[in-house]
Structure formats: structure tokens, C-alpha cells
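First up is the structure itself, then whatever we jot down about it.
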Amino acid sequence: MALPKKKLQGLVAATLTPMTETGEINFPIISQYVDYLVNEQGVKNVFVNGSTGEGLSLSVAERRQLAEEWVTKGKDKLDHVIIHVGALSLKESQSLAQHAAEIGADGIAVIAPFFFKSMNKDGLIAFLKEVATAAPKVPFYYYHIPALTGIKIRAEELLDGIQDQIPTFQGLKFSDVDLLDFGQCVDQNSHRQFALLFGVDEQLLSGLAMGATGAIGSTYNYLGKKTNQMLEAFERQDLPLALNYQFYIQRFMNYVIKLGLGVAQTKAIMTLVSGIQMGPPRLPLQRASEEFTLGAEAKLKSLESHCFP
28 MALPKKKLQG
38 LVAATLTPMT
48 ETGEINFPII
58 SQYVDYLVNE
68 QGVKNVFVNG
78 STGEGLSLSV
88 AERRQLAEEW
98 VTKGKDKLDH
108 VIIHVGALSL
118 KESQSLAQHA
128 AEIGADGIAV
138 IAPFFFKSMN
148 KDGLIAFLKE
158 VATAAPKVPF
168 YYYHIPALTG
178 IKIRAEELLD
188 GIQDQIPTFQ
198 GLKFSDVDLL
208 DFGQCVDQNS
218 HRQFALLFGV
228 DEQLLSGLAM
238 GATGAIGSTY
248 NYLGKKTNQM
258 LEAFERQDLP
268 LALNYQFYIQ
278 RFMNYVIKLG
288 LGVAQTKAIM
298 TLVSGIQMGP
308 PRLPLQRASE
318 EFTLGAEAKL
328 KSLESHCFP
């Protein structure tokens, strides 16, 4: 098995998929996107074709092309390009996994199928194993997001013995607020070198205190610099400063969640902050309102002046 060139840790941006006004993928944007993440946000890892990237709204062909674009444009600039290859169809997921291996992706991730569901650990592991086998030399990550999948199998339970079934398993994206479950993922696997990546951006400091080795999230597209400063403060054991950064993020997230935060709104925020045109989401999602964008802009300006004068 090929091991990662280095452990996946720190911040991982869950990338958006830039689109034209007619709903087609705007591929030329990716090169600019890579440079922005690295140079402006200090983020050198990406998670492509996930929830934020509207992966399940894209065709298999589009997902392949988008993966190729990120791997190609990220060469010698990004540390890790992780491709989400989860799908409702096992065959499609295997095909995407094999393709990710062929183009040189640094890892693959899989969400649990959520229409025909695995009702127990053995069924889910069997599915994940079949996908991982299609890319036998690529690091494999599980994408745990029960609020969207409806799969209530605890991550702690899933990790127990998983490498016996999936030798390429390297860790998970934990997108849930159950800190008991996450804490036990850390505690019960302390002797392993798993990447335990917290996926609830506004609660990341809690995840770090529990032992998270990094984080995957949408806000790192536009709040990566602030979050990296929080990580640095935490590493220095400067908890008051780390809290200041976390509360900054929470105040913004609390505001936009109340307005109705989703992929479309995240695209609007990213366009606002970065100047890179992310375009609208793909139907059935609706574009963000002008009221939302103006409100988000005003809130960011207000927070910057009050939190970091």
C-alpha cells in the first residue's frame, strides 16, 4: 500500500464548484482558486466534489473532469487533493475511485449511501471496502455526516477494526456535533496514526481540544487565514486568543445561518471575499439573494473592526 506523502492535517478546504450563469462548470476558475487558497488563506489541502462542491449534483463525467482539474492545477502548490468519490451506486463510486487513482489524487473519501441505506456497521464496511478496493494504493477516508445521510452508525464503532477490512484506511471527516463520539474516535485510536478531521467549522476549537488532527470545512475557503491563526494560538496554548478567533467565526456563522446558509450562500460569500466568481448553484438549489450577500458583507466588516481593531 502506498502511504500518504505526509499525514493529512491542518485545514482542508471543502471546495466549491464554480459555475457559469447557465449552470455549467467554470473550469478555468480552478487555477485562480488554487492560488487564492494558498496565497491568501494559507490553505494547501482540498476536499473536492463533496457536499460544498455539489458533488452529488454533478454527472460522473463532470466529477472526473473536475478532479483532474484540481489535481493538475494543484501540482506543486497543494499538499493534498482528496477526491470525494461517494455515490448512491457502488459501480459509479468504484469508477470514480479508480479514476482518482489514475490521475494521482492524494486520497479518496466516501460518504455512506443514503437512499438504500446500510443499517449496520457490517453492511457499511462492505460497501466502503468495495470502493477502496478499486483504488488499492490510494489513502481512503470515510465521510461521516449523519445529519445528511441519516446513517446513525457511530464513527467510533465504524473505526473499530476498520483497517483489518480496509488496509488503505487513513482517517475520517467527522461532520457531526456529537463530541462524545468524536472523543472516543480519538481515545480508542490513539495508537494509530489516523487523520481525525473535524467537520463543524464553528465548533473547531472544541474538536481540537478533543484531539482533532485537522479540519475539513467550507469556511476555510474564505476564513482560512483567521482559522489558521486560531490553530497557531491553540498550539501555543494561548486559549484566550484562540477563543477570540473562534468567537469571530461563530458570530459570523450565527448571523448567516439565521439568514439561511447553504451552498448557494457559501458561493456568494466566497465571491464576495475572494473576488473569484463562483456563480450560482445547480438546480434544485436557488441562488443567494442580494439581501443575504449585502448582510454578509456588512457583518464581516463589522466583525473585523470590533474583533481585530
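Letter 2 of the sequence shown, counting from 1, is numbered 29 in my numbering, and no numbers are missing. For every residue, glycine included, the Cβ atom is placed at its ideal position computed from N, Cα and C. The structure presented is a predicted model; accordingly, all values stated were derived computationally and were not measured.
Could you work out which residue in the options is closest to residue i when comparing CA atoms only?
i	options	result
Y60	T176, K104, D187	K104
P307	G289, P194, Q277	G289
Q230	F221, M280, C212, L223	M280
E119	D106, H107, V87	V87
L235	F261, F221, P166, K252	F261
S122	I178, S84, A40, V158	V158
G226	K252, R309, A40	A40
Q197	G177, G244, L155, S233	L155
K67	P194, E317, M297	For clarity, residue 67 is Glu in the given sequence; the question names Lys instead. Among P194, E317, M297, the Cα nearest to that of E67 is on M297.
K34	S245, S84, V108	V108
S329	R309, V65, Y275, A291	Y275
R314	A291, L250, M305	A291
N53	V65, D205, R309	R309
H171	I243, N216, G238	I243
I178	S202, L232, L312	S202
L151	F142, M305, I180	I180
G251	Q36, V65, I57	V65
F338	T42, T195, V283, L258	One cannot answer for residue 338 here, as it falls past the ends of the chain, which runs 28 to 336.
I57	G69, T42, L224	T42
T240	L224, G131, G80	L224
S316	M305, G287, Q304, V300	G287
Can you have a look at residue i and say buried or exposed, based on whether 16 or more other CB atoms are within 10 angstroms of its CB?
i	result
D133	buried
R90	buried
D191	exposed
L321	exposed
T293	buried
L175	exposed
G50	exposed
R263	exposed
K285	exposed
D265	exposed
H218	exposed
K200	buried
D214	exposed
E95	buried
A182	buried
F221	buried
A153	exposed
E331	exposed
K253	buried
P194	exposed
P166	buried
G302	exposed
D228	buried
In the DSSP assignment, find the unbroken beta strand (DSSP E) run with residue i in it and report its ends.
i	result
K164	Taken as a continuous stretch (DSSP letters only), K164 belongs to no beta strand (DSSP E), as it is neither H nor E.
V73	72–75
H111	107–111
V65	Neither: V65 is in no beta strand (DSSP E) and is coded neither H nor E.
I135	134–138
I243	241–244
A40	37–41
Output the boundary residues of the alpha helix (DSSP H) element that contains residue i.
i	result
Q192	189–192
G101	87–101
G251	251–262
G150	148–160
A295	290–301
A128	117–130
K285	266–286
A174	173–176
E183	182–186
Are the C-beta of residue i and some C-beta of chain B separated by less than 8 Å?
i	result
M280	Structure shown: chain B not included; a single protein chain is present.
**Message:** For the pair the segment 162–175 and the segment 121–133, tell me if three or more CB-CB distances fall below 8 Å.
**Reply:** Counting Cβ pairs under 8 Å, three or more are found: they touch.
Are there three or more Cβ pairs, one per stretch, closer than 8 Å when the segment 97–114 is compared with the segment 136–147?
-> Yes: the two stretches touch, three or more of their Cβ pairs being nearer than 8 Å.
query = Which ranges does the alpha helix (DSSP H) cover as unbroken runs of at least 4 residues, wholly within the segment 202–237, from first to last along the chain?
reply = If we require 4 residues or more, the alpha helix (DSSP H) runs fully inside the segment 202–237 come out as 206–214, 231–237.
> With contact counted as at least three CB pairs below 8 Å, one residue from each stretch, are the segment 66–76 and the segment 322–331 in contact?
Replying inline: Too few Cβ pairs lie closer than 8 Å, so no.
Please confirm if the segment 267–275 is in contact with the segment 42–57, defined as three or more CB-CB distances below 8 Å between the two stretches.
As far as the Cβ criterion goes, the segment 267–275 does not touch the segment 42–57, which means the pair count is below three.
_Taking contact to mean 3 or more Cβ pairs, one atom from each stretch, closer than 8 Å, check whether the segment 182–191 and the segment 96–103 are in contact._
Contact annotation: the segment 182–191 does not touch the segment 96–103, with fewer than three C-beta pairs closer than 8 Å.
- Per the contact definition of three or more C-beta pairs closer than 8 Å, is the segment 210–217 in contact with the segment 145–152? Segments in contact, no.
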